[in-house]
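Written out below as structure tokens is the structure these notes cover.
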Amino acid sequence: MAEENNEQVIEDDPIEVRRAKREALLAEGKNPYGHAAFEYSHHIVDLDEKYAELADGENTEDAVSIAGRVMAKRVQGKIIFFELQDATGRIQLFCRINALGEDVFAEMKDLDLGDWIGAHGLMMRTRRGQLSVAVDSFQLLSKALRPLPEKFHGLNDKETRYRQRYVDLIVNDEVRDTFQKRSKILSAFRRYMEADGYCEVETPILANSTPEGARDYLVPSRPNPGKFYALPQSPQQFKQMLMVGGIERYYQIARCFRDEDLRADRQPEFTQVDIEMSFVQETDVMDLMEGVFKEVLAAAGVQHEFPLQRMPWKEAMDRFGCDRPDIRFGMELVELTEIVRGCGFGVFSKAVEAGNIVKAINCKGAGDWSRGEIEKLGNIASENGAKGMAWIAYTTDGKEKSPIIKFLGDEVHAKIKEAMNVEAGDLVLFAADTFDIANAVLSALRLHMADALDIPRPGHKLLWVVDFPMFKFDEEANKYAAEHHPFTMIPEADWDKIETDPLACGSYSYDIVMDGFEAGGGSIRIHNAELQKRVLARCGVDEEDMEVKFGHLIHALELGAPPHGGIAIGLDRLVMLLAGKQSIRDVIAFPKTSSASDPMTGAPNAVTAKQLKEVALRTL
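If you're matching positions, the sequence shown starts at 903 in our numbering and goes up one per residue.
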């Protein structure tokens, strides 16, 4: 039998030649788009498994029919080799003129990369070990008029890949594998929830606008001129009303929409696994989710130890500067407030006098960085609200470099070195500001330096962050806001502080954190209508808005609601982490750009004056 040596590689035909081939087929009375009902007997992966033990050079009498896209073609005299791809894998087609006849062989020789064909033949393995189908007949199912990306370069440009995701799926195996993994993860969620007695309920996409959270996407209502729907930021209120209605255990694979600034782990439309249950407390929800995550991680091929660590919010902020800590590496924050109180460096001492804090991180291995390299880090500090960044470098040759050492004094400097566990080769970065800003600055610097120093962060690490405060003060809006959301239950001992000391109010809330990202967040909910109204009022919602925006929920709670709680898991973000991707755009089939536009369809786009008139709108 002939083998794959001395092959002649056939160049992929351009679009003009492909169109001419199609016209020639039509002129001959042949359909270049075949029959949709082509019956295949196997997927390629099934053949790989069935014939895994077939010996090199062995032929069989097993007839199969397969269908797929032509991905490669090589002609060697009276033999053509094709590589055929279906949804499950690739296989070689072995085509001989003696088996096909001259006319059919010529037709196959005219096939282009990208063409869809059905093929029938006998299973074999070449002497070189290539599992193949020895083709005795074929059918052209769809003529491809546009060439695929060049074979050896594929589709590499990120923006082109998002704009032509269908091409990306064709030529990049990794992309198809990612969406297969997403499907397995989603199936694992469903299996677990259904097995545990949860009822899947779909909640509305067209809903009312609420003043809390991110900006809503608004949809004009034609039958109600001047009025708008809002696309849901989450099904939060609907699922709570389901609890009132007696749906004790609910879940939904929910599409959510938020008009907010985008970054690597955010998109304007996203998917969350939404869960709610009655008669539970925090530990019940967390225990349930640990069981869910054990199965979900296993579906993605990831092993993790359970139960998970549970870290109070205050501890997370103190040690890592954020409520979604990546605990796969150290470089923890150290508070130096009392050490520098009254010291000669005015930036530190004045910050302490003002009731603020001074903290630092030790970046081991960066002590020999140049002054210019270090001061560039100040950009990160300023991006997170700081006015500047102090630093001390301890070089590997024993020198100490810093513009602030001379102001600190020997005693204070010695205490700083001790507290920071300083060694030769270390770089200490400081933040002196409010609790929020100092932590935000050092948290961002910690992550940046971990990347810059190539600190290993192997595998995955999950934990719970618990005991969040109920309220925070929004400086920009000049009002109090909910740290999680305003439907979160407050410990009864703190109810009298809602109006008088809101920042002292705790909450029954919890986040599941993975590798420095919030994978999901939840809480025990308020099931007391009067308490709910107090919380909304504390968040600046007046009586009129309360009735218009939240009246349905409050009326439901007044009917009587069971104690309940739940959680929402960010599916896109979870898949991103488990698939080892840097952006959720890589795990969403048709993602939006940073400007919230669709690079493939061009959405959002302008609409006609007639369309605007129908919904009683006009553009400025």
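By construction, the Cβ of each residue, glycine as well, lies at the ideal position given by its N, Cα and C atoms.
Quantities reported herein were computed from a predicted structural model and do not represent experimental measurements.
Let's see if you can read the secondary structure: which residues bound the alpha helix (DSSP H) around lysine 1317? From DSSP, the alpha helix (DSSP H) with lysine 1317 extends over 1312-1321.
Given aspartate 1338 as reference, the closest of Gln1484, Glu1377, Glu1394 once Cα atoms are compared: For aspartate 1338, the nearest C-alpha among the options comes from Glu1377.
Secondary structure at leucine 1479, three-state DSSP: helix, strand or coil? Annotated three-state conformation of leucine 1479 is helix, per DSSP.
For isoleucine 1259 versus glutamate 1234, is the C-beta distance shorter than 8 Å? Taking C-beta atoms as the reference points, isoleucine 1259 and glutamate 1234 fail to come closer than 8 Å.
Simplified DSSP assignment, three categories, for arginine 1157: In the structure shown, arginine 1157 sits in a strand (DSSP, three-state: E or B).
Exposed or buried, what is isoleucine 993 when buried is set at 16 or more other beta-carbons lying within 10 Å of its beta-carbon? It is buried - the Cβ of isoleucine 993 has at least 16 other Cβ atoms within 10 Å.
What's the gap between the Cα of histidine 937 and the Cα of leucine 1042? Each residue's Cα considered, the two are about 9 Å apart.
What does the Cβ neighbour count give for asparagine 1058, buried or exposed, with the cut at 16 atoms within 10 Å? By the neighbour-count criterion, in which 16 or more other beta carbons inside 10 Å mark a residue as buried, asparagine 1058 falls on the exposed side.
Nearest-angstrom beta carbon gap, methionine 1372 and glycine 1422 [assumed within contact, 8 Å]: In fact, because the Cβ distance is near 19 Å, the residues do not count as touching under 8 Å.
With lysine 1368 and proline 1214 assumed to form a contact (beta carbons below 8 Å), what rounded beta-carbon distance in angstroms separates them? Before going further, note that residue 1368 is valine rather than lysine in the sequence given. Rounded, the Cβ-Cβ distance is 6 Å, consistent with contact.
What does DSSP give as the partner residue(s) for glutamate 1366 in the beta ladder? The question names glutamate, yet the displayed sequence has tryptophan at residue 1366. Beta-bridge pairing by DSSP links tryptophan 1366 to Arg1212, Ile1414.
Return the CA-CA distance between arginine 998 and isoleucine 982, expressed in angstroms with no decimal places. Each residue's alpha carbon lies about 7 Å from the other.
On the premise that proline 1388 lies in contact with tyrosine 1410, defined as a C-beta separation below 8 Å, what is that separation, rounded to the nearest angstrom? 14 Å between Cβ atoms; not a contact.
Taking only the alpha-carbon atoms, compute the straight-line gap between glycine 1529 and leucine 1088 and give it to the nearest angstrom. Residue 1529 lies beyond the range of the chain shown here (903 to 1522); nothing can be said about it.
Classify glutamine 1174 as helix, strand or coil using the three-state DSSP reduction. Under the three-state reduction of DSSP, glutamine 1174 is assigned to strand.
Of all the alpha helix (DSSP H) runs that stay within the bounds of the stretch 1228-1305, which reach a length of 4 or more residues? Counting whole runs of 4 or more residues, the stretch 1228-1305 contains the alpha helix (DSSP H) stretches 1239-1242, 1248-1255, 1273-1277, 1280-1285.
Tell me, please, which residues DSSP counts as bridged to serine 1039. Paired residues: His1022.
Using the three-state DSSP reduction, which class does lysine 1060 fall into: helix, strand or coil? In the structure shown, lysine 1060 falls within a helical segment according to DSSP collapsed to helix, strand and coil.
Assuming lysine 1045 and proline 934 are in contact, meaning their beta carbons sit under 8 Å apart, how far apart are those beta carbons, in whole angstroms? Confirmed, about 4 Å.
Among residues of its own chain, excluding the 5 on either side of threonine 1495, which ones have a beta-carbon nearer than 6 Å to its beta-carbon? Cβ neighbours of threonine 1495 beyond the five flanking positions: Pro1501.
Comparing alpha-carbon positions, which option in Ala939, Ile1276, Ala1132 lies nearest alanine 1116? Minimum Cα distance to alanine 1116 is reached at Ala1132.
Give every residue of the same chain whose Cβ lies closer than 7 Å to the Cβ of proline 1506, excluding the five residues on either side of it in the sequence, and list them in chain order. Same-chain partners within the cutoff: Ser1499.
What does DSSP give as the partner residues of asparagine 961 in its beta bridges? Within the DSSP secondary-structure output, asparagine 961 pairs in a beta bridge with Met1026.
Of the residues Gly1031, Leu1024, Val1198, Gly1020, which one's Cα is nearest the Cα of lysine 1083? For the options Gly1031, Leu1024, Val1198, Gly1020, the alpha carbon positioned closest to that of lysine 1083 is the one of Val1198.
What residue range is occupied by the uninterrupted alpha helix (DSSP H) comprising glutamine 1434? From DSSP, the alpha helix (DSSP H) with glutamine 1434 extends over 1431-1440.
Top-ranked residue by Cα proximity to glycine 970, from Val1517, Glu985, Val1187: Ranking Val1517, Glu985, Val1187 by CA distance to the CA of glycine 970 puts Glu985 first.
Is the beta carbon of glycine 1280 less than 8 Å from the beta carbon of leucine 1329? Taking 8 Å as the cut-off, the beta carbon of glycine 1280 is found no closer than this to the beta carbon of leucine 1329.
Looking at alanine 957 and arginine 1027, is the spacing between their C-beta atoms short of 8 Å? Cβ distance < 8 Å, so arginine 1027 and alanine 957 count as in contact.
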